[in-house]
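Chemist: In the numbering used here, the protein residues as written are 771 to 886.
Every residue gets a Cβ at the ideal spot worked out from N, C-alpha and C, and that includes glycine.
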Amino acid sequence: MSFASPNPEPPFYLLLQHTSPADANNATSSTPASFSHPLIEYHFADDPPSALLPSSAAENVIILDYNGPDSTPVVQSLHSDFAITGVKVTDAPGAAATRRNDRMFIIETIASGGDR
771 MSFASPNPEP
781 PFYLLLQHTS
791 PADANNATSS
801 TPASFSHPLI
811 EYHFADDPPS
821 ALLPSSAAEN
831 VIILDYNGPD
841 STPVVQSLHS
851 DFAITGVKVT
861 DAPGAAATRR
871 NDRMFIIETI
881 ASGGDR
């Protein structure tokens with residue numbers, strides 16, 4: 771799957787879409803999706819791996835590895851009770867008026883035990 775875009779820069783915006791285990795198992799669920807804005811920190815390949823460790827047990831660390839507009843981004847969770855189920859790139863509503871890339875990542879997640 772390609773995320774090709776006319777803009778060579780990565781999407782400027784990012785949202786997390788949360789699904790509960792109960793809704794994931796119920797294809798007819800009418801529960802609306804829950805979204806949140808994550809706190810974003812940039813880390814690079816030459817940074818120490820310890821910089822990615824969570825600062826508390828409640829913190830969910832997600833790694834998004836973007837390798838350019840012609841490849842699928844790789845997204846991983848470092849928390850055993852918080853899983854990534856998908857990633858998509860879509861238009862960011864209202865962002866076309868800005869001079870930034872008007873696309874956004876939506877990272878689909880599911881948590882066990884009610885965590886988000």
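(1) Given this structure, state the Cα-to-Cα distance separating E878 from P819, to the nearest angstrom.
(2) Using a Cβ-Cβ cutoff of less than 6 Å, which residues in the same chain neighbour T778 once the five nearest sequence positions on both sides are dropped?
(3) Determine, using beta carbons only, whether Q846 comes closer than 8 Å to chain E.
(4) Count the other C-beta atoms from every protein chain shown that fall within 10 angstroms of the C-beta of R873, then say buried if there are 16 or more, exposed otherwise.
(5) Quick one: Cα of P791 to Cα of Y783, how far?
Modeler: Inspection of the coordinates gives the following:
(1) 24 Å
(2) One point to set straight first is that residue 778 is Pro, not Thr, in the sequence displayed. Closer than 6 Å at the Cβ level, and outside the excluded window around P778, lie P839.
(3) Considering every chain present, this structure includes no chain E. It has just one protein chain.
(4) buried
(5) 26 Å
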